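Numbering (the UniProt record's numbering), first residue to last: 1 to 129.
Okay, so here's the structure we're looking at.
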Amino acid sequence: MRIGELAVAAGTTAKTLRFYEEQGLLPAAERTASGYRDYDPEAATRIDFIHRGQAAGLTLAQIKQILDIRDGGEIPCGHVRDLLDVRLKDIERQISDLVSLRDNVAALRDAAAEPEPETCNADEVCRYL
């Protein structure tokens with residue numbers, strides 16, 4: 001399958017596929033006599049896995065680790081679980097940070113609900129921030 005066909009089938013671009021190949025996420029494609037990349041049908045499955053990993057918030061480096069484990073003949077499930085544990089903790093921290101930010105912004109907004117311009121000092125720009 002040529003790069004353009006694979007890109008359409010995988011819902012991505014030829015540029016992305018070349019990048020994946022350069023980064024070792026996709027094995028180097030065979031070349032036709034005229035020099036065009038000729039991908040195996042399994043490449044679409046591999047790209048689907050890359051996209052699923054990205055959707056879970058994994059980095060391309062982490063996805064490459066998983067692919068390297070699989071390509072080495074081992075089952076990567078334990079490694080995937082560990083990566084997802086770390087990712088889940090990161091998400092929980094981000095949620096906590098966002099809740100704190102929301103509470104802070106709500107308090108600032110409440111303080112500014114009835115502005116009192118006469119109490120503002122020009123050096124402060126705005127006392128509500």
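Even for Gly, the Cβ is constructed at its ideal location relative to N, Cα and C.
Keep in mind the model is a prediction, meaning the values are calculated, not measured.
Reduced DSSP category for residue i - H, G, I as helix; E, B as strand; rest coil
{"i": "D40", "result": "coil"}
{"i": "L108", "result": "helix"}
{"i": "A14", "result": "helix"}
{"i": "E118", "result": "helix"}
{"i": "R127", "result": "coil"}
First and last residue of the uninterrupted alpha helix (DSSP H) at residue i
{"i": "V8", "result": "3-10"}
Alpha-carbon spacing of residue i relative to residue j, whole angstroms
{"i": "D40", "j": "V86", "result": "33 Å"}
{"i": "A61", "j": "A10", "result": "20 Å"}
{"i": "A44", "j": "Y128", "result": "54 Å"}
{"i": "V80", "j": "G53", "result": "10 Å"}
{"i": "D110", "j": "A55", "result": "37 Å"}
{"i": "E63", "j": "D48", "result": "A quick correction: the sequence has Ile, not Glu, at residue 63. Answer to the nearest angstrom: the Cα atoms are 12 Å apart."}
{"i": "H51", "j": "L101", "result": "31 Å"}
{"i": "T12", "j": "T119", "result": "56 Å"}
{"i": "Y7", "j": "L17", "result": "In the sequence under discussion, the amino acid at residue 7 is Ala, which differs from the Tyr named in the question. Cα to Cα, the separation comes out at about 7 Å."}
{"i": "M1", "j": "I91", "result": "38 Å"}
{"i": "E116", "j": "S96", "result": "32 Å"}
{"i": "R93", "j": "A112", "result": "29 Å"}
{"i": "D123", "j": "E114", "result": "20 Å"}
Going along the chain, which unbroken runs of the alpha helix (DSSP H) with 4 or more residues stay wholly within the region 17-100?
-> DSSP runs (the alpha helix (DSSP H)) wholly in the region 17-100: 42-55, 60-71.
Inter-stretch contact at 8 Å, needing at least 3 Cβ pairs: the region 22-33 / the region 64-80 | The region 22-33 vs the region 64-80: in contact.
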